[in-house]
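One structure below.
Protein chains: 2
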Amino acid sequence: MHLSKSSIYGLRASILLTKMGGDKNYVTIRELSDELNIPFHFLTKILQELSKAEILESLRGPNGGVRLAKPPNRITLKDIVTSIDVKYDILNCPLGLPGCGEHSLCPLQQDWQNFKLKVERMISEVTLEDLSARSKNNDNDMYHRTHNHLNA
Amino acid sequence: MHLSKSSIYGLRASILLTKMGGDKNYVTIRELSDELNIPFHFLTKILQELSKAEILESLRGPNGGVRLAKPPNRITLKDIVTSIDVKYDILNCPLGLPGCGEHSLCPLQQDWQNFKLKVERMISEVTLEDLSARSKNNDNDMYHRTHNHLNA
DNA sequence: AAGTATTAAGACTATTATATCTTAATATAG
DNA sequence: CTATATTAAGATATAATAGTCTTAATACTT
Ligand code: FES
Ligand code: FES
Chain A
89 MHLSKSSIYG
99 LRASILLTKM
109 GGDKNYVTIR
119 ELSDELNIPF
129 HFLTKILQEL
139 SKAEILESLR
149 GPNGGVRLAK
159 PPNRITLKDI
169 VTSIDVKYDI
179 LNCPLGLPGC
189 GEHSLCPLQQ
199 DWQNFKLKVE
209 RMISEVTLED
219 LSARSKNNDN
229 DMYHRTHNHL
239 NA
Chain B
89 MHLSKSSIYG
99 LRASILLTKM
109 GGDKNYVTIR
119 ELSDELNIPF
129 HFLTKILQEL
139 SKAEILESLR
149 GPNGGVRLAK
159 PPNRITLKDI
169 VTSIDVKYDI
179 LNCPLGLPGC
189 GEHSLCPLQQ
199 DWQNFKLKVE
209 RMISEVTLED
219 LSARSKNNDN
229 DMYHRTHNHL
239 NA
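Listed in order, the protein sequences are those of chains A and B. Residues in the first sequence are numbered from 89 upward in steps of one, following this note's numbering. Residues in the second sequence are numbered from 89 upward in steps of one, following this note's numbering.
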C-alpha cells in the first residue's frame, strides 16, 4: 500500500470534513490544515484535486471553503485515493514483477493476490460515513498531534 | 507495503542468486544485474548492504562475486527487506496515525491490523528456498523482461 | 464601489529516492 | 611482481515527492 502523503492528507481532511460539516456549511481549508497539522498551501492543492474530481465543492470569498459534494455514504476511500494518486498501486507485491495478476510467474503470487483482493475490497467499500462514524466513537483527539509525530 | 526499489531489487537478486548458486561458487554482480535489468552500480550498493548484514558473502578479484552466507532456508524475505529498508513500515495504514497499533484511534484499525498481521507473518516465514523453489516451477523467463516493463 | 476573505493556479524551493561515475582496495593468474 | 577482474566506497547527478510563496480570481460585506 504505497500512498503518497498527498493521499494520506486528503483522506484525513475528508474524514474531518465529514465530521465537521454535517450540515451544508463550508469549512475553510485553514481550519482543516490547522486542525490536522498539514501545511495550508499543500492541503489546498490536494483539495483542489478532490474538487476537480467532484468529491468536494469549494467556494471562494468570505464564508467560503470546502464541503462534500455528495453524501458521505457515497464517497469511498478508494474514490479519494484514486483522485489524488492517479497511478497508485494498491498493495504492490514485494517482487513487483511484470504482468502481475495476469500470468503466474511470481513465487509470492498466490499469497499476495489473496491479500490484495481483500484490501481492495475494503478500500472500495468503506465510505467516509463509516470512517467518520468510527472515529467519532474513538478519542476525538486523534488528529490533534503535532506534525512531527505523525508517522505518515 | 512500501518497499523501496532497493529492497525489490535486493529480493530479486537474492532469489536469482539462490537459483544459480546452489553450489558454493560466487556469482558476479554483473551477471545478476544483466539478468535482472538492474543498474550494475546500483545493485552493487544494495548487495553491499546485504553483505554487511551477513546475508551475503562477497569476494573481490577474479572468480569473485557474491553468494549466500547461509543456507537459503534460513534467510527470510523479512531478513532481506529489513536489511535494506532499515526503517520500512510493512503495510502502513492509509491513515498512518500516530501510535498506530497501540492505541485504538484509527477508524480503519481493526481491519488493517488484521491484514498487517498476516502479511507480517508471511514475510517473516517465507524463505529464499521457498521463493526459489516456487519460481523454478514457474516460467523461468520471469526475470528476463526489459527494465522499462517492470512495474516496480 | 471598495475592502476583505477565501480558494485557484502556477512558479519556486527543499528533500528524498534513484541512479551513475570515479577511484580505491583486494584477490587471482600469469 | 604485474596485469586483470572484481567488489567497496564515496562523490555526483537526476528524478520524484513534498512543501512554500506569490499572484489572480471570486464572492461576500459594508
Ligand atoms: S509480482 Fe504479482 S504477486 Fe508477486
Ligand atoms: S493508523 Fe493504525 S490502523 Fe490506521
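Yeah, the Cβ is synthetic: ideal placement off N, Cα and C, and Gly gets one too. This one's a predicted model, so the numbers in the text were calculated from it and none came from an experiment.
| Item | Value |
| --- | --- |
| For a minimum of 3 consecutive residues, which ranges assigned as the beta strand (DSSP E) are wholly contained in the stretch 90-177 of chain B? | 144-147 and 153-156 |
| What are the residues in the stretch 187-219 of chain A lying within 8 Å of chain B by C-beta distance? | Cys188, His191, Ser192, Leu193, Cys194, Pro195, Leu196, Asp199, Phe203, Lys206, Val207, Met210, Ile211, Val214, Asp218 and Leu219 |
| When the Cα atoms are used, what is the spatial distance from Ile211 of chain A to Thr164 of chain A? | 7 Å |
| Starting from Asn180 of chain B and walking both ways along the alpha helix (DSSP H), at which residues does that stretch end? | Careful: Asn180 of chain B lies outside any alpha helix (DSSP H) and carries neither H nor E. |
| Quick check: does the Cβ of Cys188 of chain A come within less than 8 Å of any heavy atom belonging to ligand 2? | no |
| So what does DSSP say about Met210 of chain B, is it helix, strand or coil? | helix |
| Quick check: is the beta carbon of Pro159 of chain B nearer than 9 Å to any beta carbon in chain A? | no |
| Please name the residue in B:Pro127, B:Gly149 and B:Leu144 whose C-alpha comes closest to that of Pro160 of chain B. | B:Leu144 |
| Just mark Arg162 of chain B as buried or exposed, buried being the case when its beta carbon has 16 or more other beta carbons within 10 Å. | exposed |
| Under 8 Å, with one C-beta from each stretch per pair, do the stretch 144-159 of chain A and the stretch 177-186 of chain A reach the 3-pair mark? | no |
| Are the CB atoms of Ser102 of chain B and Leu183 of chain B nearer to each other than 9 Å? | no |
| Cα-Cα, which of B:Ile117, B:Pro195 and B:Leu131 is closest to Ser94 of chain B? | B:Leu131 |
| Any beta-carbon of chain A closer than 9 Å to the one on Ala101 of chain B? | no |
| Express the C-alpha separation of Leu104 of chain B and Arg233 of chain A in angstroms, rounding to a whole number. | No answer about Arg233 of chain A holds up, because its pLDDT of 38 lies below 50 and its placement is not dependable. |
| Between the C-alpha atoms of Ala221 of chain A and Val154 of chain A, what's the straight-line distance to the nearest angstrom? | 20 Å |
| Quick check: what's the CA-CA separation for Thr106 of chain A versus Asp167 of chain A? | 15 Å |
| Counting only C-beta atoms, is Gly184 of chain B closer than 9 Å to chain A at any point? | yes |
| Counting only beta-carbon separations shorter than 9 Å, does Val169 of chain B have a partner in chain A? | yes |
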